[in-house]
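Colleague: Next up is a structure, given as structure tokens.
Number of protein chains: 2
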Amino acid sequence: MYSIGIDVGGTTTKIGLVDEDGKIFKQDIIDTSTYVDINDFVDAIEQTLRPWMQERSHLACKGIGIGAPNGNFYTGSIEFAPNLPWKGVVPLADLFETKFKLPVIITNDANAAAIGEMRYGAAKGMNNFIIITLGTGVGSGFVANGGIIYGHDGAAGELGHVIVQPNGRLCGCGRNGCLETYTSATGIVKTALEVIQKYPSSILNQKLPLSSKEIFEAAKEGDQAALEIFETTGKILGECLANTVAITSPEAIILFGGLARAGHFIFEPTERHMNTNVLRIWNNKIKLLPSMLPENDVAILGAAALVV
Amino acid sequence: MYSIGIDVGGTTTKIGLVDEDGKIFKQDIIDTSTYVDINDFVDAIEQTLRPWMQERSHLACKGIGIGAPNGNFYTGSIEFAPNLPWKGVVPLADLFETKFKLPVIITNDANAAAIGEMRYGAAKGMNNFIIITLGTGVGSGFVANGGIIYGHDGAAGELGHVIVQPNGRLCGCGRNGCLETYTSATGIVKTALEVIQKYPSSILNQKLPLSSKEIFEAAKEGDQAALEIFETTGKILGECLANTVAITSPEAIILFGGLARAGHFIFEPTERHMNTNVLRIWNNKIKLLPSMLPENDVAILGAAALVV
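Pasting the structure below:
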């Protein structure tokens, strides 16, 4: 018995076969952006999968799980994803079901990561936790009572679009001050451009245009501007997490994605500001954890676990 | 078959017998604050219940459900409730179980109200909604996937303690700027005292000390200060609800309690500001509803439904 996990990303799509113990025994990557027509994209994935499945024709395949930005669990569609080549509503589950005659379940990428962490990673055994992806944007998956909170329409978990700064930075969603304009890998670069103006001797002034990785590298060298950039970012994230804890009271919050790779530079200020701002009953009680799974595997594992 | 619902409040405690269809066929009220010793409180409730139960000795009693401030579903205790006569941790479920030899389930008052609305009221048939009680404080109950979100420790749903104004008004919790310092029945009075300074001719200046009811009465008469007070309060609540929707994507939000009785004076600005601030996919899609149950009955019905 095995299942198929597909992690659709704006740049690449990862495909894997996963056994019952969460071992990925076949995997490959294709370029998402090459496939302007969704049918070509599905065909390309089929070409990858068919030989693998034929090799294992003696085993039952449980189905196909897909994690995708703006993937909707209820409708099986990708809906108005700004960073994917296909516009409008894409009935991806239907397309795969027609081709493979297997059960297909879709959810958004952060929810798939949450399921991956719950089944195999840092959230093993937890029934109430949050996973937050700090990548190009900020995504999130909320688990309560052992299940993903999908909301009434399948679109819950948009922590990246909580407004943390009224009239703040313009967000891709058209509003201002969303969390993801501050605490994503792109948001921290915007903060950096503001902060380095106060630090003419910061090494970051010589690294323009900046990336979140360069801010991390500068912080490791003790660059004062870089440290202040992480402090500012951790404050905004920590304050938002304190408010979020008041709603779902998670056992742990898992930080994941590009910015989380900065380790204690982002974890320490985030945790400190979360604890300063949280209702006292939760003071120092909510764990802030890194993912326990290889970053490339989480979404494949989570997607595959959707059909288990 | 019937069940017992108990709604423990700071001032009064309501006790009811509820049949399978949600009809309260016996009910009474006792003064909570009279009973400094928790054992006397439990005895008083027993004295009320015993004759009712004897009358119905031919029927099975499913158990006792209790809604109480700071009531913890997991532990069966009331924990550090600031507005009750009993300090520290009160093992209320144990005390009732010992006396009645029946299953006893406790939750906080807002969660009990959520269950009441889900089973018999405005949230009938909904699997994802929020109830917000705008009383002396602000309480909330979150339902996702058809179940209450209790969180890892039973304390989830503290929307009243989301910080909406950094360094804002001092809250009873010891922090500053919590939602309940602005949008509770007491919070709106504080806003009123600020606003009426700009309106020397407002009738509210002659009603000091104010109550939320008087602000409502003044608004009905078209008092400009009163209308601005509701506008300010609705803005703060609506902005907070917009952020909350991004997390759990509820089908509806039910407003309940003293301040909700102001009807469209509070619903209209709250809904408008929620829709102005929410992520576009939810624009004009989240229902803002009043409770559909008599205010005195909701918590008894919800508490009783805990054991059904």
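Chains as they are written, first to last, in our numbering: chain A, 1 to 308; chain B, 309 to 616. Each residue gets a CB set at the ideal place from its N, CA and C atoms; glycine is no exception. Nothing here was measured: the structure is a model prediction, and the numbers come from that model.
(1) Is the beta carbon of threonine 415/B closer than 8 Å to that of glycine 375/B?
(2) Would you tell me roughly how many angstroms separate the C-alpha atoms of glutamate 585/B and tyrosine 182/A, rounded to the nearest one?
(3) Relative to the ligand ADP, is the shortest distance from any of its heavy atoms to the C-beta of cysteine 171/A smaller than 7 Å?
(4) What are the boundary residues of the alpha helix (DSSP H) that valine 553/B is part of?
(5) Below 6 Å CB to CB, which residues in the same chain sit around alanine 550/B once its five sequence neighbours on both sides are set aside?
(6) I need the straight-line Cα distance from glycine 63/A to glutamine 165/A, nearest angstrom please.
(7) Specify the secondary structure class of valine 586/B as computed by DSSP and reduced to three states.
(8) With 8 Å set as the bound, which would you pick, yes or no: does the beta-carbon of glycine 447/B sit closer than that to a beta-carbon of chain A?
(9) Which residue from Val307/A, Ala299/A, Val308/A and Ala305/A puts its Cα closest to that of glycine 139/A?
(10) Which residue from Ser291/A, Gly258/A, Ile4/A and Ile247/A puts its Cα closest to that of glycine 22/A?
(11) Counting only the same chain and skipping the five closest in sequence on each side, list residues whose C-beta sits under 6 Å from that of threonine 270/A.
(12) Using DSSP with H/G/I as helix, E/B as strand and the rest coil, what is lysine 220/A?
(13) Report back the beta-carbon spacing between glutamate 488/B and glycine 495/B to the nearest angstrom; my notes put them in contact at under 8 Å.
(14) Note down, in chain order, every chain A residue with its Cβ under 9 Å from the Cβ of histidine 581/B.
(15) Under the assumption that leucine 134/A contacts leucine 259/A (Cβ atoms under 8 Å), give the Cβ distance between them as a whole number of angstroms.
(16) Mind checking if alanine 155/A is an interface residue toward chain B, Cβ cutoff 8 Å exclusive?
(17) Does any C-beta atom of chain A lie closer than 8 Å to the C-beta of alanine 533/B?
(18) Could you name each continuous alpha helix (DSSP H) segment of 4 residues or more that falls completely within the stretch 379-414 of chain B, going from the start of the chain to the end?
(19) Measuring alpha carbon to alpha carbon, tell me which residue in Pro51/A, Tyr120/A, Asp223/A and Asn205/A is nearest proline 294/A.
(20) Output yes if chain A places a C-beta closer than 8 Å to the C-beta of glycine 384/B; else output no.
(21) Answer with buried or exposed for lysine 220/A, where buried requires no fewer than 16 other C-beta atoms within 10 angstroms of its C-beta.
(22) In chain A, what lies closer than 8 Å to threonine 552/B by C-beta?
(23) What residues in the stretch 20-48 of chain A bring their beta carbon closer than 9 Å to a beta carbon of chain B?
(24) Verify the CB distance criterion: does glycine 172/A have a CB-CB separation below 8 Å to chain B?
(25) Would you please verify whether the beta carbon of phenylalanine 450/B is less than 8 Å from any beta carbon of chain A?
(26) On the CB-based measure, 16 or more other CB atoms within 10 Å of its CB, does tyrosine 343/B come out buried or exposed?
(27) How far does the alpha helix (DSSP H) with glutamine 331/A in it reach, from first residue to last?
(28) May I ask you to report which of helix, strand or coil DSSP gives isoleucine 29/A?
(29) With DSSP as the reference, please indicate the residues paired to threonine 441/B in a beta bridge.
(30) Could you name the residues of chain B that glycine 147/A contacts, counting a contact when the two beta carbons are closer than 7 Å?
(31) Which value, in whole angstroms, describes the spacing of the CA atoms of proline 676/B and isoleucine 386/B?
(32) From which residue to which residue does the beta strand (DSSP E) around glycine 5/A run?
(33) Give the secondary structure of glycine 495/B by DSSP, where H, G and I count as helix, E and B as strand, and everything else as coil.
(34) How should histidine 572/B be labelled, buried or exposed, when 16 other C-beta atoms within 10 angstroms of its C-beta is the threshold for buried?
(35) Go to aspartate 605/B, then tell me how far its beta strand (DSSP E) extends in each direction, as first and last residue.
(36) Please tell me whether alanine 225/A and leucine 210/A are closer than 8 Å, where the distance is taken between their beta carbons.
Modeller: Working from what's here:
(1) Cβ distance < 8 Å, so glycine 375/B and threonine 415/B count as in contact.
(2) Note on residue identity: the sequence assigns asparagine, not glutamate, to residue 585/B. Straight-line measurement puts the Cα of tyrosine 182/A at about 18 Å from the Cα of asparagine 585/B.
(3) Looking for the ligand ADP in the displayed structure turns up nothing, as the structure carries no ligands at all.
(4) Boundaries of the alpha helix (DSSP H) harbouring valine 553/B: 532-556, taken from the DSSP string.
(5) The beta carbon of alanine 550/B sits closer than 6 Å to those of Met582, Asn585 and Val586, all from its chain and outside the five residues before and after it, given in chain order.
(6) Cα-Cα distance, rounded: 43 Å.
(7) Valine 586/B falls in the coil class under three-state DSSP.
(8) With 8 Å as the cut-off, glycine 447/B does not count as an interface residue toward chain A.
(9) The closest CA to that of glycine 139/A, considering only Val307/A, Ala299/A, Val308/A and Ala305/A, is found on Ala299/A.
(10) Ranking Ser291/A, Gly258/A, Ile4/A and Ile247/A by CA distance to the CA of glycine 22/A puts Ile4/A first.
(11) Hits under 6 Å: Gly234, Leu237 and Gly238.
(12) When DSSP states are grouped into helix, strand and coil, lysine 220/A belongs to the helix group.
(13) Going by Cβ atoms, the distance from glutamate 488/B to glycine 495/B rounds to 6 Å, so yes, they are a contact pair.
(14) By Cβ distance, chain A contributes nothing, its closest Cβ being about 11 Å from histidine 581/B, past 9 Å.
(15) Yes, they are in contact, since the Cβ atoms of leucine 134/A and leucine 259/A sit about 4 Å apart, within 8 Å.
(16) Yes, contact with chain B.
(17) It does not: the Cβ of alanine 533/B has no partner Cβ on chain A nearer than 8 Å.
(18) As for any alpha helix (DSSP H) of minimum length 4 sitting wholly inside the stretch 379-414 of chain B, the runs are 400-408, ordered along the chain.
(19) Ranking Pro51/A, Tyr120/A, Asp223/A and Asn205/A by Cα distance to proline 294/A puts Tyr120/A first.
(20) False, the Cβ-Cβ gap to chain A never drops below 8 Å.
(21) Counting Cβ neighbours within 10 Å, lysine 220/A comes out exposed, since fewer than 16 surround it.
(22) Within chain A, the residues near threonine 552/B are Ile247.
(23) For the stretch 20-48 of chain A, which is checked against every Cβ of chain B, not one residue is closer than 9 Å.
(24) It does not; no Cβ of chain B falls within 8 Å.
(25) It does: the Cβ of phenylalanine 450/B has a partner Cβ on chain A nearer than 8 Å.
(26) The residue in question, tyrosine 343/B, is buried, as its Cβ has 16 or more Cβ neighbours within 10 Å.
(27) This structure gives no information on residue 331/A, because the portion of chain A shown stretches from 1 to 308.
(28) Correct three-state label for isoleucine 29/A: strand.
(29) Gly447/B and Phe564/B, per the DSSP bridge assignment.
(30) Those are Asn453, listed as they occur along chain B.
(31) The structure shown has nothing for residue 676/B, since chain B only spans 309 to 616.
(32) From DSSP, the beta strand (DSSP E) with glycine 5/A extends over 2-8.
(33) When DSSP states are grouped into helix, strand and coil, glycine 495/B belongs to the helix group.
(34) Taking all protein chains in view, the Cβ of histidine 572/B is surrounded by fewer than 16 other Cβ atoms within 10 Å, so the residue is classified as exposed.
(35) Where aspartate 605/B is concerned, there is no enclosing beta strand (DSSP E), although the alpha helix (DSSP H) it sits in stretches over 603-613.
(36) By the CB criterion at 8 Å, alanine 225/A and leucine 210/A fall outside the cutoff.
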